[in-house]
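Engineer: Dropping a structure here in structure tokens format, bear with me for questions.
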Amino acid sequence: MSNMINNNINSIERMTEAISKRKKQDVNATYNGPSFTEILSRQKSIDELVADRTEQTVVSGGIRFTKHADARLMQRNIRLTDEQMTRLEEGIRKASDKGIKESLVLVDDLAFIVNTDKKMVITAIDQNSSEDNIYTNIDGAVII
4 MSNMINNNIN SIERMTEAIS KRKKQDVNAT YNGPSFTEIL SRQKSIDELV
54 ADRTEQTVVS GGIRFTKHAD ARLMQRNIRL TDEQMTRLEE GIRKASDKGI
104 KESLVLVDDL AFIVNTDKKM VITAIDQNSS EDNIYTNIDG AVII
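Here the sequence shown is numbered in the working numbering, starting from 4 and rising by one per residue.
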């Protein structure tokens, strides 16, 4: 009886090995496309491009506004003049020169939270909308 069990186990092991080898050969023989890593890196770059297009609006002078900031400007009926845009850009440059990453830039009665590395306005607030006058998550402020 022990021979019978051993013979069956050996037989099962041999069949498993044969099937496994055949599957490996079939897979390698039929797929000639890009590797998983290549596909993943392509997808990441596509996702980054889509995110860039949906998160921001590019404005003249290299300053970008997030969709959130753009919506706040429209909602609060804030229209920036060319002179205000120039001053905002100057404030971003000054904050960046001082090593500030997330800055509050005050231009007239307008407040902008800005990521200086990306030259991107995160949100915009006018004096009438700013109830508490509390600004968080910034590491510096520039008054222009």
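From the three backbone atoms N, C-alpha and C, an ideal C-beta is built for every residue, glycine too.
Which whole-angstrom value describes the C-beta separation of S106 and A98, a residue pair presumed to lie in contact below a C-beta threshold of 8 Å?
Structural biologist: Your numbering for residue 106 matches position 103 in the sequence shown. Your numbering for residue 98 matches position 95 in the sequence shown. Correct: roughly 4 Å between the Cβ atoms.
Engineer: Is the separation between the beta-carbon of V110 and that of V117 shorter than 7 Å?
Structural biologist: Within the sequence shown, numbered from 1, the residue matching residue 110 stands at position 107. Within the sequence shown, numbered from 1, the residue matching residue 117 stands at position 114. Result no, Cβ atoms of V110 and V117 do not sit closer than 7 Å.
Engineer: May I ask you to report which of helix, strand or coil DSSP gives L83?
Structural biologist: Numbered from its first residue, the sequence shown carries residue 83 at position 80. The answer is coil: DSSP assigns L83 none of H, G, I, E or B.
Engineer: Taking the straight line between their C-alpha atoms, what separation do you get for R82 and I137?
Structural biologist: Numbered from 1 along the sequence shown, position 79 holds the residue referred to as residue 82. Numbered from 1 along the sequence shown, position 134 holds the residue referred to as residue 137. If I take the Cα positions, the gap works out to 23 Å.
Engineer: Excluding the 5 residues preceding and the 5 following I146 in the sequence, name in chain order all residues of the same chain whose CB lies nearer than 7 Å to its CB.
Structural biologist: The residue given as residue 146 occupies position 143 in the sequence shown. Closer than 7 Å at Cβ, skipping near neighbours: L109.
Engineer: Nearest-angstrom Cα distance between G94 and Q78?
Structural biologist: Here residue 94 refers to the residue found at position 91 of the sequence shown. Here residue 78 refers to the residue found at position 75 of the sequence shown. So the alpha carbons of these two residues sit roughly 24 Å apart.
Engineer: Skipping 5 residues on each side, what residues in its chain have a beta carbon closer than 8 Å to that of N140?
Structural biologist: Mapped onto the sequence shown, residue 140 falls at position 137. E105, I116, listed in sequence order.
Engineer: I think T69 touches I103, with their Cβ atoms under 8 Å apart; what is that distance to the nearest whole Å?
Structural biologist: For the purposes of this step, residue 69 is taken as the residue at position 66 of the sequence shown. For the purposes of this step, residue 103 is taken as the residue at position 100 of the sequence shown. In fact, because the Cβ distance is near 18 Å, the residues do not count as touching under 8 Å.
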